[in-house]
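Under mature numbering (1 follows the signal peptide of the UniProt record, and there is no 0), the residues of the sequence shown are numbered -32 to -1, 1 to 794, in order. C-beta: ideal position from N, C-alpha, C; glycine also. Values in this document were obtained by computation on a predicted structure and should not be read as measured data.
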Amino acid sequence: MHGMAEPSSKRMLNRLATYFIFLLYAPDLVCGEIRYTIPEELEHGAFVGNIAEDLGLNLRELSARKFRLVSEERTQYLEVNSENGIVFVNERIDREQLCQSSTCSLSFEVIVKNPLEVHRVAVEILDINDNSPSFPKSDFFLEIAEFIAPGARFLLASAYDPDVGKNAIRTYQISSNEYFNLNVQVTSDGKIICELLLEKPLDRERQSEFKLTLTAIDGGIPERSGTAKIIINVVDANDNVPVFDHELYKTSLPENAAEDTLVIKINAIDVDEGSNGAVKYYFSNHASQRVRELFSLEPETGEIRVKGVLDFEESNGYELAVQAMDSGAPTMTGHTKVMVSILDMNDNAPEIKVTLLSNTIPENAESGTLIALISVTDRDSGKNGEVHCQIPTNIPFKLHLTSKNHCRLVSSGVLDRETISTYNILVSTWDAGSPPLLTNKTIMVSVSDINDNAPRFTQPSYTVYVSENNAPGASIFTVTALDPDLDQNAHVSYSVLPTRVMEIPVSTYISINSNTGNIHALQSFDYEQQKTFQFQVQAKDSGVPPLWSKCAVKVIILDQNDNAPVIISPLAWNGSISIGLKSQSIYPGYLVTKIIATDADSGQNARLSYRLVKATDSSLFSVGLFSGEVKTIRRYLDKDAAAQVLSIRVNDNGQPSLSVSVTVSFSVATNATEKHLERVDLVHSPANPFSDLNLYLIIAFGSTTLIFLLTIILLVAIKCHQDRNGIYGYNSIYCCWTHRNLRSTRDASIRNRAPAESLNYTGARERVSMPGAYNYNVCLSPESAKSDFLFLSTCNSNALTSTIKVTDTNFTKEFEQERGVGNNRY
């Protein structure tokens, strides 16, 4: 087969298999059992029988009725085609390995459902001649006295052939010679033994040794054989053999007999004298290896004792072939047999075999659903083999007895997987022996899930705190919903329900991982623009139909110190402020100016402090730590410098702290004539002109200048739009912007009476007072009307002035322009 050449024996085997297959006995149903007969050693796929046809089953319904074969054998020797019902060989069957007796069969059950039917099938395994006879040894030695008369017989070792019936040993033959022949006999138990028969007197002087070939031949077709060498030495003396008291000894022994228990004592007598009459006892060559493992024979005393573990279920009796040998030369041997019967004891607990139809049952299964088929057996006999079984009564399952040793496990109550997901059903069985033996077996039955539970969030609502300036795409929170169901019924997917935040879809703010519930921010939040928003998350399982629940998530944005303080008053140019003072006005506690700054952050991040960093003369001015007020500490002296420069830093209370610096230049005049303020550069070291402080000042000056210029451009554009047809066109006059200029003692008294201007800073939502004592004279050049840029120039004494209101995003300041004389003051 399989496209390969086969040996003749293999082809013969296949022809024999085909012969047996086509000459099978017609299956007959006896007590619900179908029987087939096949030879051993069939190849995989060999036809055994069509059980569906023999049972009258509809082939079209086999799959729907879950047609299947259930065997109690560990090896699945046979298998059934669930489509056509044909039973075929699945594994090679070796009858000698499978069975120890002359008859051999395999039993299995065929099960179909809807309705449930169980049919027992027995397949008898026929022996084929696949084993050759073999002797226990290749060489046997005999010593025969030369004076032995013709007709003497010498028992020879028997060969062993595991085949049975006609394939077993049929006869023995010996090689051709003139002195010896064979006497072949069949015992009462069917065993063939052979004896060496002396046909002619021996003459040791003519021939002292014989080498013969003993051949055992079986009855198979073709026949097989095995050989052994028989070496015969011809010696003198010792002409009497030992004789036993009985030709056959009989005794009985319980199977639980302990090791070294005395079985029987045998005795043989040799009428010779001296060493020729000294007898020792041994197992003969006919004693099997199993007998030698279970029993021991004391050579001197003839006592037979238990050596191994006896088992009635293995064998109910043993035949011990023993011999008595004297010490003569040559030795003479007498033979006898000892029959030992084994008595059964209750030493085997019942065995439980479970055929699970399904170890999983849905939680909505109806009462009476079949779970498993259970068979209980006991290897003992009589009452020791009678068995009973039961399961606990406090579980929703019952046992239904179908036959003497078979029962069905079915459901009998309401199942709820969320309450109990697995049942470990303890099946207990005991026999009727004394004392009874008990066996327990646990059957695990799992309750499968149905989608009867919706996901539930761990909280009905969540509050999430997120710091502003978060990284886009980073995780900000994770919501969790639990579903007590299993598998897809418990697989929860998350989604954000559509809603709008500030008229914008919430999907532009956040996203959620549908598998983990991890919420990610899609953009960086700004506390100054938005402080909180809310949305809903839905959790839905994957059951059919799906179940869901939802929860609310409120996101609160936390402030960070991401805005540096901004100086809003007095107005600075490139981070510098110029102020003119009269020397007689400088007295202790005199309020020179007030630095007002604001911070767009909130809380501690917007709490500002003012510090004096550098000063031309630190003993002349002081700065309020939290008020920002610049006051004089003492009176101005003639020796003091006319130009004083203060460097003031404004810090917030954030972590880390952010700051802004401003330089305030004071020009102290000793008479009524105003002088231009000289710029004093606060350079710490010429060797390092770009220190950290200078860098910060350059950035602050540049930012302030840009904001100032943009504000002026915006105001000019507004004014030009309003006065396009007026007399103040840029083509005819110059525009001069001026702040209030207080120049004399009258100015000082007015300053003390003038109410402070108010600033409304929307970021911090508080109002601060702004003193009105800062002098700025700024004029626009005529070229400003012709360009997108502003050009500043010295104000003409005859220039026409007007009042313009300048508006910034953080504060409002009113500039009054009036006709004046002198230079611009910054």
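Quick test of the definition: if touching needs 3 or more C-beta pairs under 8 Å, does the stretch 180 to 187 touch the stretch 131 to 151?
yes
Helix, strand or coil at Glu21 according to DSSP, with G and I counted as helix:
If DSSP states are grouped into helix, strand and coil, Glu21 belongs with the helices.
Give me whichever residues DSSP pairs with Ala90 in a beta bridge.
For Ala90, which the question treats as bridged, DSSP gives the partners Arg3, Ser75.
Is DSSP giving Asp620 helix, strand or coil here?
strand
If you check the beta carbons only, do Ser252 and Val290 fall under 8 Å apart?
yes
Please look up how many angstroms separate the CB atoms of Met293 and Lys351, rounded, as I've assumed it's under 8 Å.
In fact, because the Cβ distance is near 46 Å, the residues do not count as touching under 8 Å.
Just to confirm, are Val434 and Ile444 a CB contact at a threshold of 8 Å?
Yes; because the gap between Cβ atoms is below 8 Å, this pair is in contact.
Looking at Ile411 and Ile388, is the spacing between their C-beta atoms short of 8 Å?
no
Do Gly285 and Val306 have their C-beta atoms within less than 8 Å of each other?
It is not a contact, given that the beta carbons lie outside the stated cut-off.
With DSSP collapsed to three states, give me the class of Gly242.
helix
With C-beta atoms as the reference, is Leu165 less than 8 Å away from Leu150?
A contact, by the Cβ cut-off of 8 Å.
Chain-order list of residues whose beta-carbon lies under 8 Å from that of Val415 (same chain, five-residue window excluded):
Thr328, Ile329, Pro330, Glu331, Leu383, Asp384, Arg385, Ile388, Ser389, Thr390, Tyr391
Bridge partners of Ala458, per DSSP?
DSSP, once it has assigned bridges, lists no residue as partnering Ala458.
Considering only DSSP beta bridges, list what Arg468 is partnered with.
Pro473
Whose CA, out of Lys81, Val474, Thr323, lies closest to the CA of Phe35?
Lys81
Please state whether DSSP places Val415 in a helix, a strand or coil.
strand
Residues near residue 798 in its chain [Cβ-Cβ closer than 6 Å; skip 5 each side]
As shown, the chain starts at -32 and ends at 794. That puts residue 798 outside it, with no answer to give.
Could you pull out every residue in the same chain whose Cβ sits closer than 6 Å to the Cβ of residue 878, ignoring the five residues on either side in sequence?
Residue numbering for the chain in the displayed model covers -32 to 794; residue 878 lies beyond these limits and cannot be assessed.
Is DSSP giving Ser700 helix, strand or coil here?
With a pLDDT of 36 at Ser700, under the threshold of 50, the predicted position of this residue should be treated as unreliable, though the coordinate-derived value follows. In the three-state reduction of the DSSP assignment, Ser700 falls in the coil class, being assigned neither a helical nor a strand state.
Pull up the distance between the alpha-carbon of Ile61 and that of Ser100, whole angstroms please.
18 Å
Taking only the alpha-carbon atoms, compute the straight-line gap between Ser429 and Val598 and give it to the nearest angstrom.
52 Å
At least 3 beta-carbon pairs within less than 8 Å: the stretch 183 to 197 vs the stretch 126 to 139:
yes
DSSP three-state assignment for Ala297, whether helix, strand or coil
coil
Put Tyr664 into one of helix, strand or coil per three-state DSSP.
helix
Does DSSP put Leu180 in a helix, in a strand, or in coil?
strand
Pairwise C-alpha distance: Leu367 and Thr337:
12 Å
Would you call Ser595 buried or exposed, if buried means 16 or more other Cβ atoms sit within 10 Å of its Cβ?
Classification for Ser595: exposed.
According to DSSP, simplified to helix, strand and coil, what is Val523?
Strand, per DSSP.
So for Phe676, helix, strand or coil by DSSP?
helix
Asn421 to Gln427, Cα distance in whole Å?
17 Å
Straight-line gap, Asp494 to Ser475 (C-alpha atoms, nearest Å):
17 Å
Residue interval of the beta strand (DSSP E) (run including Leu265)
263 to 265
Under three-state DSSP, which class holds Ile272?
strand
Neighbour-count burial assignment, Met300, 16 or more Cβ in a 10 Å radius
buried
Identify the continuous beta strand (DSSP E) that holds Glu59 and give its terminal residues.
Run containing Glu59: none; DSSP gives neither H nor E here.
Which residues does DSSP pair with Ser633 in a beta bridge?
Ser546, Val613
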